[in-house]
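Peer 1:
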Amino acid sequence: MTEPQETAAAAAVELHGVSKTFPGRRDAVVALQDIDLTVGPGEFVSLIGPSGCGKSTLLRIIADLLSPTSGEVHVNGKPARRARLDQDYGIAFQQAGLLDWRTVLANIELPLELHGVDRGQRKARALELVELVGLADFAKHRPPQLSGGMQQRVAIARALAESPTLLLMDEPFGALDEMTREHMQNELVRIAGDTQAAVVFVTHSIPEAVFLSDRVVVMSPRPGRIAEIVPVSLGPRTDDTREAPLFYAAITQVREALRGRPVPETVEVGVSIEQADRERAQGAL
Amino acid sequence: MNRAARSAGRAVLVALGLVALAAIWEAYKSWGPDDGVKLFGARVLPRTTDAAMPHLSTIWHAFGANEVGGAITFGPSKTVLDSVVDAALHTLRWAAAGFAIGVVVGMLLALLMDRLIIAERALMPYVVLSQTVPLIALAPLVTKWGQGSKIGTFAWQPWMSVAVIAAYLAFFPVAVGLVRGLKSPSPVHADYFRCSAAGWWNTLVRLKLPASVPFLVPALRLAAAGAVIGTIVAEISTGLDGGIGRLIITYSQQATGDPSRVYAAVIGAAALGLAAAAAVTAFDAALWRYHRGAAAQ
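Those protein sequences? They're chains A and B, same order as listed.
Each position in the first sequence, counted from 1, maps to that position plus 13 in the working numbering.
Each position in the second sequence, counted from 1, maps to that position plus 2 in the working numbering.
1) If I measure Cβ to Cβ from B:Tyr253 and keep anything under 6 Å in the same chain, skipping five residues before and after, which residues do I get?
2) With a threshold of 8 Å between beta-carbons, can A:Ile104 be considered close to chain B, or not?
3) Between A:Phe325 and B:Asp193, is the Cβ-Cβ spacing less than 8 Å?
4) Would A:Ile104 and A:Leu71 qualify as a contact pair, given that the criterion is a beta-carbon distance under 8 Å?
5) Which chain A residues sit within Cβ distance under 7 Å of B:Asn204?
6) Pick from A:Leu181, A:Leu111, A:Ile239, A:Phe35: whose alpha carbon is nearest that of A:Arg97?
7) CB-CB under 6 Å to B:Ala112, same chain, minus the five flanking residues each way: which ones, in chain order?
8) Are the C-beta atoms of A:Arg97 and some chain B residue less than 8 Å apart?
9) Quick check: B:Leu171 and B:Ala89, are their CB atoms within less than 8 Å of each other?
10) Identify, in the order they occur along the chain, each residue of the same chain with its Cβ nearer than 7 Å to the Cβ of B:Gly148, setting aside the five sequence neighbours on each side.
11) Could you tell me the alpha carbon to alpha carbon distance between A:Val88 and A:His154, rounded to whole angstroms?
12) State the beta-bridge partners of A:Arg238 as determined by DSSP.
13) Counting only C-beta atoms, is B:Tyr170 closer than 8 Å to chain A at any point?
14) Do A:Ala137 and B:Cys197 have their CB atoms nearer than 8 Å?
15) I need the straight-line Cα distance from B:Met126 to A:Asp150, nearest angstrom please.
16) Quick one: which chain A residues come within Cβ less than 8 Å of B:Ala200?
17) Would you say A:Lys68 and A:Met192 are within 8 Å of each other, going by their C-beta atoms?
18) Using 8 Å as the limit for Cβ to Cβ distance, is B:Arg263 near chain A?
19) Quick check: the Cα distance between A:Pro277 and A:Asp101, rounded to an integer number of angstroms?
20) Is B:Arg291 close to chain A? Criterion is C-beta to C-beta, closer than 8 Å.
21) Under DSSP, the alpha helix (DSSP H) around A:His29 begins and ends at which residues?
22) Just to confirm, are B:Ser214 and B:Gly183 a CB contact at a threshold of 8 Å?
23) Residues of chain A with a CB under 9 Å from the CB of B:Val207: which are they?
24) Just curious, the beta strand (DSSP E) that A:Thr216 is in, first and last residue?
25) Consider the Cβ of A:Ala76: report whether some Cβ of chain B lies at a distance smaller than 8 Å.
26) Check for me: the beta strand (DSSP E) holding A:His87 runs from which residue to which?
27) Measuring CA to CA, which of B:Phe174, B:Pro142, B:Arg45, B:Ala139 is closest to B:Val129?
28) Any heavy atom of the ligand ADP inside 7 Å of the beta-carbon of B:Val264?
29) Report yes or no: do three or more beta-carbon pairs, one from the region 112-126 of chain A and one from the region 222-236 of chain B, lie closer than 8 Å?
30) Is it true that the CB of A:Ala168 sits closer than 8 Å to the CB of A:Leu111?
31) CB-CB under 7 Å to B:Ala73, same chain, minus the five flanking residues each way: which ones, in chain order?
32) Helix, strand or coil for B:Ala73 per DSSP?
33) To which residues of the same chain is A:Pro63 closer than 7 Å at the C-beta, ignoring the five residues directly before and after it?
34) How about A:Pro177: is its C-beta nearer than 8 Å to some C-beta of chain B?
35) Are the C-beta atoms of A:Leu112 and some chain B residue less than 8 Å apart?
36) In chain A, what lies closer than 9 Å to B:Asp193 by C-beta?
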């Protein structure tokens, strides 16, 4: 069997006219309508929007957990199903989804084990990754012994096990407290830089999307479609980035896009959205 | 508290329970009315005569008594203890065979029902229905089907009918428990395995079966108890000789002479049940890492 030629220019994700309709009891629900999106190699793209805008659905379509009603989905230049079977992407969900009966190391080894990598190589790779996510001291622990943030780091290490060129993340930090969350964002920026993987990242949080991404895809609900794509150029991210005026400017831009119109120059509006965000983060604790 | 201390504590409790039981037995025998306690003409507590409730010491001595009369004794004479142990081991062997068959059949059914929804819809009602058929009605049928069947050099033995009847009781909890267990992984796990392009076998071995352990172990405990009960009932209703079931019958026919022997045999049967349960517990302990939350200890 010969592998299809992978050109250097192949986009990590390519969506053309993707729509998804869920048949309902009374009437069908249009979850996504006519989505066109290209994610370049190594690019970090966030999907943001209110609940029900179809951002998770879109991610699940890219992952081939759902198939689109119409339109085309290509990952690394292959149809989504082929890409899933070839393990072209790694994935992490809001729940870490680790296997409680396996140690941290064995959890990270799982995808390698599923695809017949031999024991020695598996072990070496898992040790490398457990180091990468800063959990070397916990390699022999089991998930119930770890905090939520640590579990999520294990899940990310597991997603990276097969050195995918694409990482799919569905609100992976949604259940974490604010402090842990910022820490994990820093880690993710570093990891994404180290591995050169493209990332598609679903989130509710505007600052999170802006901090992490090269582009923020703003979606609107009913039917879910792309309202605007906001490019973010903040250079290398550090903790100082969170204080930079450009960071706030980008946040405002995304917020405007979410509202579908320029935000009036009043403080109240901005505060109310930020408050809603904070409440959401707290509600998730 | 460490594991050793905990199991030592449990052993003490079990011993205390036995002592308490013995004390109640003897106390009631000493002070209870000879004719038992009656409520509205129905006896709610047994007679306390030696024929109905022998002293524990009498039962104890019965174990040491020589087999005479009804039971056939060839060669060196056997004590009642010998007979009880001998019979219990026979029964245990048949029950183990029945248990093994039951577990295999139960697991295969569960796997089939998990794989095909249609199979679950079609089979589950019959699986449940199967347990409403009285064992006593079933026993002669199984014996008749088995009798004289021969495949090559394999000839059907009477004990196999007993094992099949034991399996009939044992398969049920395994099938029902495992079906639930196989469906127990959360959606996020199922999604992950699908994303990893894991096939049916990998998903089964690395996700579904490990996740099933908390459901499977209680099912196996029920199956073990069921297999022992099934074997004893089947021995009696198919008339198979050599096991504890027959021994109980034999001894009760002699009961007018010596009721303590019936109790000796019953104690033997109870010990069998305990042995079966203990075996499952040992198996369970070996699987501690699959217990929910146990890994946090």
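Every residue gets a Cβ at the ideal spot worked out from N, C-alpha and C, and that includes glycine.
Peer 2: With the given structure in hand:
1) Counted from its first residue, the second sequence places residue 253 of chain B at position 251. Hits under 6 Å: Arg263, Val264, Ala267.
2) Counting from one through the first sequence, the residue named residue 104 of chain A turns up at place 91. It does: the Cβ of A:Ile104 has a partner Cβ on chain B nearer than 8 Å.
3) Outside the shown range of chain A, which is 14 to 298, sits residue 325 of chain A, and nothing can be said about it.
4) For the purposes of this step, residue 104 of chain A is taken as residue 91 along the first sequence, with counting starting at 1. For the purposes of this step, residue 71 of chain A is taken as residue 58 along the first sequence, with counting starting at 1. In this structure, A:Ile104 sits away from A:Leu71, with a CB-CB distance that is not shorter than 8 Å.
5) Mapped onto the second sequence, residue 204 of chain B falls at position 202. Correct list: Leu127.
6) Position 84 of the first sequence holds residue 97 of chain A. Minimum Cα distance to A:Arg97 is reached at A:Leu181.
7) The residue given as residue 112 of chain B occupies position 110 in the second sequence. Only Ala177, Leu180, Val181 meet the Cβ criterion.
8) Within the first sequence, residue 97 of chain A is the residue found at index 84, counting from 1. For A:Arg97, the answer is yes, since a Cβ of chain B falls inside 8 Å of its Cβ.
9) Position 169 of the second sequence, counting from 1, holds the residue named residue 171 of chain B. Position 87 of the second sequence, counting from 1, holds the residue named residue 89 of chain B. Contact flag unset, no.
10) Position 146 of the second sequence, counted from the start, is the residue given in the question as residue 148 of chain B. Correct list, in chain order: Trp158, Met162, Ser163.
11) Residue 88 of chain A sits at position 75 when you count from the first residue of the first sequence. Residue 154 of chain A sits at position 141 when you count from the first residue of the first sequence. Roughly 35 Å between the two C-alpha positions.
12) As a working note, residue 238 of chain A is residue 225 in the first sequence. Paired residues: A:Ser233.
13) Walking along the second sequence from the start, residue 170 of chain B turns up at place 168. No, B:Tyr170 does not count as interfacial toward chain A.
14) Walking along the first sequence from the start, residue 137 of chain A turns up at place 124. Walking along the second sequence from the start, residue 197 of chain B turns up at place 195. No, the Cβ-Cβ distance between A:Ala137 and B:Cys197 is not below 8 Å.
15) Residue 126 of chain B sits at position 124 when you count from the first residue of the second sequence. Residue 150 of chain A sits at position 137 when you count from the first residue of the first sequence. So the two alpha carbons sit approximately 48 Å from each other.
16) Reading the second sequence from its first residue, position 198 is the one you call residue 200 of chain B. Ordered by position in chain A, the residues that pass the 8 Å Cβ test against B:Ala200 are Leu127.
17) Residue 68 of chain A sits at position 55 when you count from the first residue of the first sequence. Residue 192 of chain A sits at position 179 when you count from the first residue of the first sequence. Contact: no.
18) For the purposes of this step, residue 263 of chain B is taken as the residue at position 261 of the second sequence. False, the Cβ-Cβ gap to chain A never drops below 8 Å.
19) Along the first sequence, one-based indexing puts residue 277 of chain A at 264. Along the first sequence, one-based indexing puts residue 101 of chain A at 88. Because A:Pro277 carries a pLDDT of 49, less than 50, the predicted location of this residue cannot be relied on, and no value is offered for it.
20) Taking the second sequence and counting its residues from 1, the one referred to as residue 291 of chain B is at position 289. Look at B:Arg291: its C-beta is under 8 Å from a C-beta on chain A.
21) Walking along the first sequence from the start, residue 29 of chain A turns up at place 16. Segment 26-35 is the beta strand (DSSP E) holding A:His29; no alpha helix (DSSP H) there.
22) By one-based count along the second sequence, residue 214 of chain B stands at place 212. By one-based count along the second sequence, residue 183 of chain B stands at place 181. Taking 8 Å as the Cβ cut-off, B:Ser214 and B:Gly183 qualify as a contacting pair.
23) Position 205 of the second sequence, counting from 1, holds the residue named residue 207 of chain B. The premise fails here: B:Val207 is roughly 10 Å from chain A at the closest Cβ pair, so nothing lies under 9 Å.
24) Taking the first sequence and counting its residues from 1, the one referred to as residue 216 of chain A is at position 203. First-last of the beta strand (DSSP E) with A:Thr216: 211-216.
25) As a working mapping, residue 76 of chain A is identified with position 63 in the first sequence. So, interface residue.
26) Counted from its first residue, the first sequence places residue 87 of chain A at position 74. 83-88 is the extent of the beta strand (DSSP E) around A:His87.
27) Sequence index remark: in the second sequence, residue 129 of chain B carries index 127 (1-based). Nearest of B:Phe174, B:Pro142, B:Arg45, B:Ala139 to B:Val129, Cα basis: B:Phe174.
28) No copy of the ligand ADP occurs in the structure displayed, which carries no ligand at all.
29) With the rule of 3 Cβ pairs closer than 8 Å, the region 112-126 of chain A does not count as touching the region 222-236 of chain B.
30) Locating residue 111 of chain A in the first sequence gives position 98, where the first residue counts as 1. Locating residue 168 of chain A in the first sequence gives position 155, where the first residue counts as 1. Contact: yes.
31) Looking up residue 73 of chain B in the second sequence gives position 71. For B:Ala73, the predicted structure reports a pLDDT of 49, less than 50, and the residue's modelled location is therefore unreliable. A value from the coordinates is still provided. These residues qualify, in order along the chain: Ser85, Thr252.
32) For the purposes of this step, residue 73 of chain B is identified with residue 71 of the second sequence, where counting begins at 1. With a pLDDT of only 49 at B:Ala73, under the threshold of 50, the placement of this residue in the model should not be trusted, and no figure is reported.
33) Translated into positions along the first sequence, residue 63 of chain A becomes position 50. If the five residues before and after A:Pro63 are omitted, its C-beta is found closer than 7 Å to the C-beta atoms of Pro234, all from its own chain and listed in chain order.
34) If you number the first sequence from 1, residue 177 of chain A lands on position 164. No - not a single Cβ of chain B is within 8 Å of the one on A:Pro177.
35) By 1-based counting over the first sequence, the position of residue 112 of chain A is 99. Yes - at least one Cβ of chain B is within 8 Å of the one on A:Leu112.
36) Counting from 1 along the second sequence, the entry for residue 193 of chain B is found at position 191. Ordered by position in chain A, the residues that pass the 9 Å Cβ test against B:Asp193 are Arg73, Ala76, Leu78, Ile104, Phe106, Gly110.
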